[in-house]
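>
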Amino acid sequence: MSDVILSSGIGSQSSSIILDIGTQSIRAGYGGDDLPRSVVPTCIGIPNKEVDLIDSNRLSNTIFPLKPWEKRDYIEVLHPLQYNIQEKAIEFNEEYLTKIIQELSLSQKFTNSTSSFLTKHNYIFEPLDDRMNGQTLLIPIHSTSNPNNSIKLAEVAFEKLEVASLFTSRRPVLSCFACGRTSGIVVDIGASVSNVSCVQDGHCIQGSIQEYPVAGDFLDNEIYKKIHKVNIIPEFGIFKNEDKNGPSEYHVPLTNVDESYLNWGVMHVIREIKHSSLFFPNPNSNNDNEFHLPDGNVIDTTSIRNTIPNLLFKSGNSNQGYPGIVQMVINSITETSNINKEISNITSSIILAGGTTLINGFDAKLHQGIIDQRPSIIFNNSVSFQKSNYKIYSAF
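The sequence shown finishes on residue 586 if you use this note's numbering, and the numbering steps up by one all the way, no holes.
#1: Pair every Cβ in the region 227 to 234 with every Cβ in the region 249 to 258, then say whether three or more of these pairs are closer than 8 angstroms.
#2: Going residue by residue through the region 439 to 472, where are the continuous alpha helix (DSSP H) segments of at least 4 residues, counting only ones entirely within it?
#3: Name the DSSP bridge partner or partners of residue 210?
#4: How many whole angstroms separate the CB atoms of residue 330 and residue 210, which I take to be in contact at a CB cut-off of 8 angstroms?
#5: Quick one, which of 494, 361, 506 and 318 has its alpha-carbon nearest residue 409's?
#6: For residue 287, which residues of its own chain have a beta-carbon under 8 angstroms away from its beta-carbon, when the five flanking residues on both sides are left out?
#7: So residue 362 is in the beta strand (DSSP E); what residue range does that whole segment cover?
#8: Out of 366, 407, 469 and 391, state which residue places its alpha-carbon closest to the alpha-carbon of residue 384.
#9: Report back the beta-carbon spacing between residue 551 and residue 471 to the nearest angstrom; my notes put them in contact at under 8 angstroms.
#10: Between residue 457 and residue 412, what straight-line distance do the alpha-carbon atoms span, to the nearest angstrom?
#11: Looking at the unbroken alpha helix (DSSP H) that takes in residue 408, where does it start and where does it end?
#12: Are there 16 or more other CB atoms within 10 angstroms of the CB of residue 245, so buried, or fewer, so exposed?
#13: Tell me, please, which residues DSSP counts as bridged to residue 326.
#14: Classify residue 445: buried if its beta carbon has 16 or more other beta carbons within 10 angstroms, exposed otherwise.
#15: Residue 556 and residue 523: beta carbons closer than 8 angstroms?
#16: So, residue 280 versus residue 382, is the Cβ gap smaller than 8 angstroms?
#17: Does the count of Cβ pairs from the region 541 to 549 and the region 363 to 377 closer than 8 angstroms reach three?
#18: For residue 372, which of 380, 378, 388 and 532 has the nearest alpha-carbon?
#19: Using CA atoms only, rank isn't needed, just tell me which of 519, 562, 564 and 566 is closest to residue 375.
#20: Just to confirm my understanding: we take residue 251, look at its own chain, exclude 5 residues before and 5 after, and list those with CB closer than 8 angstroms. What are they?
#21: Can you give the Cα-Cα distance for residue 275 and residue 404, rounded to whole angstroms?
#22: Note the first and the last residue of the continuous alpha helix (DSSP H) segment covering residue 559.
#23: Put residue 503 into one of helix, strand or coil per three-state DSSP.
#24: Along the chain, where does the alpha helix (DSSP H) that runs through residue 535 open and close?
#25: Please identify the residue among 420, 218 and 394 whose C-alpha is closest to the C-alpha of residue 335.
#26: Would the beta-carbon of residue 207 fall within 8 angstroms of that of residue 326?
#27: Rounded to whole angstroms, what's the CA-CA distance from residue 565 to residue 465? Just pull it up for me.
#28: Under DSSP, the beta strand (DSSP E) around residue 390 begins and ends at which residues?
#29: Could you work out which residue in 517, 360, 512 and 441 is closest to residue 278 when comparing CA atoms only?
#30: In angstroms with no decimal places, state the Cα-to-Cα distance between residue 531 and residue 358.
#31: Does the separation of the CB atoms of residue 485 and residue 529 fall below 8 angstroms?
#32: Assuming residue 588 contacts residue 583 (C-beta within less than 8 angstroms), just tell me the rounded distance between them.
#33: Please say whether residue 284 and residue 155 have beta carbons closer to each other than 8 angstroms?
#34: Just checking my contact of residue 510 with residue 402 at CB under 8 angstroms: how many whole Å lie between their CB atoms?
#35: Mind checking residue 313: buried by the 16 CB within 10 Å criterion, or exposed?
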């Protein structure tokens with residue numbers, strides 16, 4: 191399979207629209223920009239079955255984008271992308287995904303400015319300058335993506351979005367290009383999967399791909415297991431009162447909030463705990479072991495701040511035979527060397543991508559882990575890492 195596919199047609203703009211679709215967030219912007227224009231949750235809301243609608247098509251009443259600080263009664267959350275453990279691949283609902291993409295150029299400006307909760311997982315919404323019809327569209331695809339998914343994406347792009355031309359490129363290749371390289375070992379840990387791939391001269395080596403469903407969502411679930419006794423109230427369950435004569439905040443009734451919407455709000459808080467509190471110990475580690483919940487309560491993160499991220503480096507953390515991220519890198523390099531004996535240009539760089547690699551100290555622990563297990567692979571070569579601010583936006 192080619193790493194870059196171009197469909198016939200020429201867009202009306204010199205700069206293509208990039209649509210980087212992840213299971214947790216979707217990034218949209220323009221080629222040549224350093225950062226995406228939009229970063230929004232990959233989910234939509236529709237009225238649940240308790241709502242009587244004149245139009246029986248609930249997707250006609252879509253709410254997008256959903257905002258973790260906004261309470262919405264009787265709204266069910268739908269996720270267009272899900273990881274299928276049996277198929278070991280990400281699957282998507284064509285109808286839901288099309289609706290999200292169509293809404294991207296229609297919604298109002300969306301930022302964290304209305305959120306009173308200090309959040310590190312920032313969402314950004316700036317409407318695209320152009321509608322997608324008649325444009326050139328670039329969609330990064332997963333390195334293990336089912337070919338049928340690429341066909342479905344093409345159908346959505348041409349039939350529903352009416353784009354002029356479509357490019358698809360594998361994520362590891364774009365991660366290399368984002369660092370100004372054409373070769374390297376790409377370690378991409380996003381929400382649903384950890385993926386390690388070797389890229390050589392702009393080509394993702396198929397036999398090198400290592401992938402397991404141990405990533406950000408896995409860590410979120412492990413955090414939740416540890417603190418499940420804590421009553422976590424979503425941000426939308428707390429009203430901040432600016433009137434000095436009244437209470438500073440009070441709880442908002444959540445009786446009519448759909449269970450899926452409530453769970454989505456709780457998991458947003460869990461992700462904030464992950465981004466704010468987890469780290470790999472080093473001399474400069476932050477020893478703050480407290481996390482302030484949206485309702486003002488404080489939880490002690492001592493039991494999770496080091497143990498949870500270390501799960502990425504331990505084997506046997508799932509029934510999928512997860513070997514640990516260091517072993518995934520070694521396996522990927524070994525498979526590549528069996529195909530191509532000259533891999534020095536590949537092992538000269540480790541490129542980190544995906545939001546989960548932003549955990550403080552991850553890069554140093556990964557580097558040391560590889561040196562400890564197989565120093566002959568990388569030890570004599572320079573190891574470089576992508577700038578942390580751009581790891582999550584490697585398609586740009």
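Note that CB positions come from ideal geometry on N, CA and C, so glycine has one too.
Taking the geometry as given:
#1: yes
#2: The region 439 to 472 contains these whole alpha helix (DSSP H) runs: 449 to 467.
#3: Reading the sequence shown from its first residue, position 20 is the one you call residue 210. Answer by DSSP bridge pairing, in chain order: 217.
#4: As a working mapping, residue 330 is identified with position 140 in the sequence shown. As a working mapping, residue 210 is identified with position 20 in the sequence shown. Indeed, because the Cβ distance is near 5 angstroms, the residues count as touching under 8 angstroms.
#5: Sequence index remark: in the sequence shown, residue 409 carries index 219 (1-based). Nearest of 494, 361, 506 and 318 to residue 409, Cα basis: 494.
#6: For this step, residue 287 is matched to residue 97 along the sequence shown. Result list for residue 287: 211, 270, 271 and 346, in chain order.
#7: Along the sequence shown, read from residue 1 onward, the residue named residue 362 stands at position 172. Segment 361 to 368 is the alpha helix (DSSP H) holding residue 362; no beta strand (DSSP E) there.
#8: By 1-based counting over the sequence shown, the position of residue 384 is 194. When each option's Cα is compared against that of residue 384, the closest is 407.
#9: Along the sequence shown, read from residue 1 onward, the residue named residue 551 stands at position 361. Along the sequence shown, read from residue 1 onward, the residue named residue 471 stands at position 281. At roughly 7 angstroms, the Cβ-Cβ gap stays under 8 angstroms, so residue 551 and residue 471 are in contact.
#10: Within the sequence shown, the letter at position 267 stands for residue 457. Within the sequence shown, the letter at position 222 stands for residue 412. Looking at the two C-alpha atoms, the distance is approximately 12 angstroms.
#11: The residue given as residue 408 occupies position 218 in the sequence shown. From DSSP, the alpha helix (DSSP H) with residue 408 extends over 406 to 417.
#12: By 1-based counting over the sequence shown, the position of residue 245 is 55. A residue is called buried when at least 16 other Cβ atoms come within 10 angstroms of its Cβ; residue 245 does not meet this threshold and is exposed.
#13: What you label residue 326 is simply residue 136 of the sequence shown in a count that begins at 1. 355.
#14: Here residue 445 refers to the residue found at position 255 when the sequence shown is read from its first residue. Looking at its Cβ environment, which holds fewer than 16 other Cβ atoms inside 10 Å, residue 445 is exposed.
#15: Locating residue 556 in the sequence shown gives position 366, counting from the first residue. Locating residue 523 in the sequence shown gives position 333, counting from the first residue. Taking 8 angstroms as the Cβ cut-off, residue 556 and residue 523 do not qualify as a contacting pair.
#16: Residue mapping note: residue 280 aligns to position 90 of the sequence shown, counting from 1. Residue mapping note: residue 382 aligns to position 192 of the sequence shown, counting from 1. The answer is yes: Cβ separation under 8 angstroms.
#17: yes
#18: One-based indexing of the sequence shown puts residue 372 at position 182. Residue 388 is the option with its Cα nearest to residue 372.
#19: In the sequence shown, residue 375 corresponds to position 185, counting from 1. When each option's Cα is compared against that of residue 375, the closest is 519.
#20: As a working mapping, residue 251 is identified with position 61 in the sequence shown. Cβ within range, chain order: 236, 237, 243 and 245.
#21: Taking the sequence shown and counting its residues from 1, one reaches residue 275 at position 85. Taking the sequence shown and counting its residues from 1, one reaches residue 404 at position 214. For residue 275 and residue 404, the distance between alpha carbons rounds to 11 angstroms.
#22: Within the sequence shown, numbered from 1, the residue matching residue 559 stands at position 369. From DSSP, the alpha helix (DSSP H) with residue 559 extends over 552 to 563.
#23: Numbered from 1 along the sequence shown, position 313 holds the residue referred to as residue 503. If DSSP states are grouped into helix, strand and coil, residue 503 belongs with the helices.
#24: Residue mapping note: residue 535 aligns to position 345 of the sequence shown, counting from 1. Unbroken alpha helix (DSSP H) run through residue 535: 534 to 537.
#25: Walking along the sequence shown from the start, residue 335 turns up at place 145. When only C-alpha atoms are compared, the closest one is 394.
#26: What you label residue 207 is simply residue 17 of the sequence shown in a count that begins at 1. What you label residue 326 is simply residue 136 of the sequence shown in a count that begins at 1. Yes, they are a contact pair.
#27: Within the sequence shown, residue 565 is the residue found at index 375, counting from 1. Within the sequence shown, residue 465 is the residue found at index 275, counting from 1. Near 31 angstroms, if we compare the C-alpha coordinates of residue 465 and residue 565.
#28: Stepping through the sequence shown from its first residue, residue 390 is reached at position 200. First-last of the beta strand (DSSP E) with residue 390: 384 to 390.
#29: Translated into the one-based positions of the sequence shown, residue 278 becomes position 88. Nearest of 517, 360, 512 and 441 to residue 278, Cα basis: 512.
#30: Locating residue 531 in the sequence shown gives position 341, counting from the first residue. Locating residue 358 in the sequence shown gives position 168, counting from the first residue. Approximately 29 angstroms, taken between the alpha carbons.
#31: On the sequence shown, residue 485 is found 295 positions in, with the first residue counted as 1. On the sequence shown, residue 529 is found 339 positions in, with the first residue counted as 1. Not a contact, by the Cβ cut-off of 8 angstroms.
#32: Since the first residue of the chain shown is 191 and the last is 586, residue 588 is not available in this structure.
#33: With the chain represented from 191 up to 586, any question about residue 155 goes unanswered, as that position is not in the structure.
#34: To locate residue 510, count along the sequence shown from 1; it is residue 320. To locate residue 402, count along the sequence shown from 1; it is residue 212. Here residue 510 really is in contact with residue 402; their C-beta atoms are around 5 angstroms apart, less than 8 angstroms.
#35: Residue mapping note: residue 313 aligns to position 123 of the sequence shown, counting from 1. Residue 313 is buried by the Cβ-count criterion.
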